[in-house]
Structures are given as C-alpha cells and as structure tokens.
Amino acid sequence: MAPPVSIDLLVRAEFVYPVDAAMRVIPDGEIAIKDGAILYCGPQMPAGHWQAGRTLGGSGYAALPGFVNCHSHTASVIFRSQTDDHVAKTALLDVAFRLEKDISEDEWGLCAMLGTAEMIRAGMTTINDIWYAPERLATLVEKTGLRAQLAYKVFDVKLEHLRDGDYTHYTAIGDRRLADGIAFAQQWNGRGDGRITTRIGTHATDTCSQALLQIARAEASRLGLGLHIHCAQSSAEVDEIRARHGCGPVTYLDRIGYLGDDAVLAHLVFASDDEFDLVAKANAPYAHASTIYPRRGRYPDLAKILQRGIRTGLATDWMLNDPFEAMRYALNGARMVAGSPQALSCDDALYLQTMGAACVLGLDDKIGSLEIGKRADLILVDITAPHVQPYYGSSAALVYYARASDVKTSIVDGRIIMEERIIPTLPSDLGVDAIRAITPRWRGQLQNYGSRAVAGPGCLCG
Ligand SMILES: [Zn+2]
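In our numbering, the protein residues as written are 2 to 463.
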C-alpha cells in the first residue's frame, strides 16, 4: 500500500459543490489542501490515503467555493435603514452624500470592522470594495485573512451639492483624490501574501469629469491596475450624462476610451440593449447588485445580459451583505423581468456568486471553484437546520433555503479565517459595542439631514 499523502487540511462534506464546468454535486466528497492550494476535490478517498494536519466538516455539511462579492462598500453599513425608501433624492443625495463628509477615518474604521465581520460570517471570501479610508479596510483584510480588491473613492464634484443639481467639477479635488487613490493602490497591491490587489476607484460616470476619467484610465493602464465604476445606476446619472454628452453612460465610457476588460462596471440598470452590446464587445466585466435594484423599483434584464456572454457576477453593493439573499433576489428579479421561470436557474445563481464574480475580478484562474491547483477558498455550510431539511443535495437546497447564518467555517488560501462562526482575529463583539456607542452621534446628524432616524437615547439632534 502506498504511503499516505501528507496534506495540511482535509475538508469533508455530505455534499461538495465544486462549481466546475459540469456543475457537479459530489456526495460524500472531500477537499485536500496543501500550501494554501487545492490538491484534490472529489469523492472521499479510502481510509489512510491522506495524512492530514487537520480534518474538518463531514456529515451534516455542504462544502462550496467561498462567495465572491464583486462590488461592495463594506463600511456603508452606516446607512442601514436610512436610504432604503425614497432612494433617489431624499435618501441618497440629501442623506447619504451629506453624511459621508462628516464621518472621520476612525468612524469609517469601525464601520469597516462591522462590515468585514458580516462579510466573513455570510461566507464571503473575496470582496471588491470602493470607499473612503480604504487603508482601514485593507488593514482588516490583511488581519482577518479575507481576500480583497480595494479602491479609494475618486470623484471631482462636491457630492453634498448634487442635491441642488450642482455638478461643478473641481480639478483640484479630482487631482488630489486620484493621487491618493493611486498612492493607496501602489502601497497595498500584493499585500497580505498577495490576497490584496487594488484598483482605481472612479466613483461614477457623472461624479467624475471626462478629463478625470481619462486620466484615471491612462494611469490604471500604465500601472497595470484595474478600474471600478458605477455606471447607468440612476436616472439622475443618465440625465446628467445625456445633457453633457448626448448619449447614455455606457456609450460615453466607450467613446472616451474608458471601457476595457479590466474596468468593473457596477449596475447597468439604465443601460440600453445597444449599450449591453458595447459592454460585450469591450469584454467589460459586470457587477450585478441584485438586492439593491428591487428597492429602487427597476431591475436590469439579467437574462439579456447573460445571453450576450458578458462576464457577470453577483454583488451586494451596500448595507445588505448576504450572498444567499443576493442569489435569491437575482433569481426572482431575472424571472420577473423575463416573465419566465427559466430566466435563471439555481445553478446559474450559484455560479454568478462564485465563479462568475471571480471572472469579473479577473481571478478565475485562482478562485471561484474547487478545482485542483486553485487557491483553497471555501466554506462549510450547516445543512442540518430545520429550514433546509430535508436536504436532497441539489443546488436549489442551498440557493433557495440556506441562510448566511448557516455558514459555519470559512477558509481562504488554506487558512481557517472563521470556525464555528468565530472569527479569531476580530474582537469577540465584532465591533458592535463601539458602533452602538457612536450611533447617537450619527442619528443626530442623520436627522439634521432629514432622514428617517428615530429620536433615541443620547440623541444629539435638536
Ligand atoms: Zn456601489
């Protein structure tokens, strides 16, 4: 008999979902991990085949690739319940854009910790984030073991003036933010043993001038960094771009030479069929934030987008960072828009939240599926809870019935970053106490901006 194969970690599961080309489901499967990479993924080998440093999982668990969130704002948790109704004017422009300028780096750090804990506990193993104070999130990513692409939010308008229709572009603001964004990107690219990569985070087509977008594109290409932008997100953005340039936001990005296979486009809610064609032609990757669109009353035609072969992944955008909800919203949204239950399948949704999103980030050769040679980014989901039983094994059991709280263990690069829902690198309260202590200050500011915050203990507003 051959000697046992020495490995670092053996993960066993009642059902393994590798999200490979055949979308197999492997009953009684296992994943062997060595030096952070997948050495084997398949049916359980005979006893004595492996000599594992540690063995996890087993009966009662599903194993699948860690979820990839291809467009996020981890620290945006601050706006929960404040921008969900009346989204366009009163919530986003009056409340969110005005509050953002009042938040200190330390406060963004508290929000980033809360969001990071939420991401990990929901089974996200990779995020693609654009926000303020990205160093705070980068530090948490480095410490917790998460994988991330990170960008600083670059724009050249005064966001707090947009509520008055004031789109004045300030060259000095754009120059400074772009310089800061490039400095951050260069400082952090490759950190965390290569788990952290960076992008230039041009905020949106309307909040950056044409000159800023073109300089950012040139710098990203020169430095070999990707780009990240909100595109065709709102009717206000579309109106502004049409008034300025006489075309829609995607057409505009194409005309000015911004589009490319390294520029992640978030949303495309208001893009036309012709613009979907432009995205496909440029091989531009698309982040689909399924939980956000229904609350704004308009859902992009995901089936049409996928039919064009556009590289597409699911994303949470902001506030609600739950990949199970994202998959369910995508299924329901796509089926309602198409008027057909065939518009998207549970296998499609699982693919979009894992491999599809990895393709969007250009990481599909490293993560997104459980295949030999890839980095070992995977999660174990408890399948014994009443809300998922009886468990028959098809992907629908996970996609339609499992919950973020069922994710028990998370592994990135072969390292266990959460076990039995404990994240050993974060404080045991996951930063909640600090958030609760500062909530009265934020509540006061929110009320000053006309938000729906309810007066509570310690409210500073008046
Ligand atoms: Zn966003």
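Just so it is clear, CB atoms sit at the ideal spot from N, CA and C, and this is done for glycine as well.
Compute the minimum distance between the beta carbon of H74 and the heavy atoms of ligand 1, and state whether it is under 7 Å.
By 1-based counting over the sequence shown, the position of residue 74 is 73. Result yes, Cβ under 7 Å from ligand 1.
Is it the case that the CB of H229 approaches a heavy atom of ligand 1 more closely than 7 Å?
Your numbering for residue 229 matches position 228 in the sequence shown. No, since every heavy atom of ligand 1 falls outside the 7 Å radius drawn around the Cβ of H229.
For I368, which residues in the same chain have their Cβ closer than 8 Å to its Cβ, ignoring the five residues on either side in sequence?
As a position in the sequence shown, residue 368 is number 367, starting the count at 1. For I368, where only same-chain residues beyond five positions count, the Cβ hits under 8 Å are P66, G67, V69, T126, T127, R148, A359, K375, R376 and D378.
Would the region 188–202 count as touching the region 225–235 if we require 3 or more Cβ pairs under 8 Å?
Flag = yes, the region 188–202 and the region 225–235 touch.
Distance, Cα to Cα, L461 vs S341?
Looking up residue 461 in the sequence shown gives position 460. Looking up residue 341 in the sequence shown gives position 340. Since pLDDT at L461 reaches only 43, below the 50 mark, its modelled position is unreliable, and the value read off the structure follows with that caveat. In this structure, the CA atom of L461 is about 50 Å from the CA atom of S341.
C-alpha gap between A398 and T75, whole angstroms
In the sequence shown, counting from the first residue as 1, residue 398 sits at position 397. In the sequence shown, counting from the first residue as 1, residue 75 sits at position 74. Rounded to the nearest whole angstrom, the C-alpha separation of A398 and T75 is 28 Å.
Report all residues from its chain with a CB closer than 6 Å to the CB of R218; omit the five preceding and five following residues, and keep chain order.
For the purposes of this step, residue 218 is identified with residue 217 of the sequence shown, where counting begins at 1. Once the five neighbours on either side are set aside, the close Cβ partners of R218 are Y259.
On the three-state DSSP scale, how would you describe E420?
Residue numbering aside, residue 420 sits at position 419 when the sequence shown is read from its first letter. If DSSP states are grouped into helix, strand and coil, E420 belongs with the strands.
Candidates A290, G30 and N190: closest to L224 by CA position
Along the sequence shown, read from residue 1 onward, the residue named residue 224 stands at position 223. The candidate whose alpha carbon is nearest that of L224 is N190.
Cross-strand partners of Y62 (DSSP beta bridge)
The count along the sequence shown starts at 1 and reaches residue 62 at position 61. For Y62, which the question treats as bridged, DSSP gives the partners D383.
Length at least 4, wholly inside the region 64–145: the alpha helix (DSSP H) runs in chain order:
Within the region 64–145, the runs of alpha helix (DSSP H) that reach at least 4 residues and sit entirely inside it are, in chain order, 98–101, 106–122 and 135–145.
Secondary structure of H204, DSSP reduced to three states
By 1-based counting over the sequence shown, the position of residue 204 is 203. Here H204 sits in coil by DSSP.
Indicate, with yes or no, if ligand 1 has a heavy atom lying under 7 Å from the CB of W132.
As a position in the sequence shown, residue 132 is number 131, starting the count at 1. For ligand 1, not one heavy atom lies less than 7 Å from the Cβ of W132.
Let me check understanding here. Comparing Cα to Cα, which of V338, S395 and T169 lies closest to S210?
Within the sequence shown, the letter at position 209 stands for residue 210. From the listed residues V338, S395 and T169, the smallest Cα separation to S210 is found for T169.
What residue does the beta strand (DSSP E) around A339 start on, and which one ends it?
Sequence index remark: in the sequence shown, residue 339 carries index 338 (1-based). Premise fails: A339 lies in the alpha helix (DSSP H), P324 to A339, not in any beta strand (DSSP E).
What are the complete beta strand (DSSP E) segments, minimum 3 residues, inside the region 218–275?
If we require 3 residues or more, the beta strand (DSSP E) runs fully inside the region 218–275 come out as 227–232 and 264–268.
Taking only three categories from DSSP, how would you classify I8?
In the sequence shown, counting from the first residue as 1, residue 8 sits at position 7. In this structure, DSSP gives I8 an extended state, which the three-state scheme calls strand.
Contact under 8 Å by Cβ, L371 with I131
Counting from one through the sequence shown, the residue named residue 371 turns up at place 370. Counting from one through the sequence shown, the residue named residue 131 turns up at place 130. No, these two residues do not count as a Cβ contact at 8 Å.
In three-state terms, what does DSSP make of Q150?
Reading the sequence shown from its first residue, position 149 is the one you call residue 150. In the three-state DSSP reduction, Q150 falls in the strand class (E or B).
With DSSP collapsed to three states, give me the class of T169.
The residue you call residue 169 lines up with position 168 of the sequence shown. Reduced to three states, the DSSP call for T169 is coil.
Of all the options R297, A290, V251 and E136, which has the alpha carbon lying nearest to the alpha carbon of D275?
On the sequence shown, position 274 is the one that residue 275 refers to. Ranked by Cα distance from D275, the options R297, A290, V251 and E136 are led by V251.
Pick from A205, L151, R299 and A316: whose alpha carbon is nearest that of F185?
Your numbering for residue 185 matches position 184 in the sequence shown. Ranking the options by Cα distance to F185, first place goes to L151.
Just mark G298 as buried or exposed, buried being the case when its beta carbon has 16 or more other beta carbons within 10 Å.
Counting from 1 along the sequence shown, the entry for residue 298 is found at position 297. By the 10 Å Cβ count, G298 comes out exposed.
Does the beta carbon of W319 fall short of 7 Å from some heavy atom of ligand 1?
As a working mapping, residue 319 is identified with position 318 in the sequence shown. W319 has its CB nearer than 7 Å to a heavy atom of ligand 1.
On a CA-only basis, which of L447, A180 and V433 is nearest T117? Give me that one, please.
Against the sequence shown, residue 117 aligns to sequence position 116. Scanning L447, A180 and V433 for the CA closest to the CA of T117 turns up V433.
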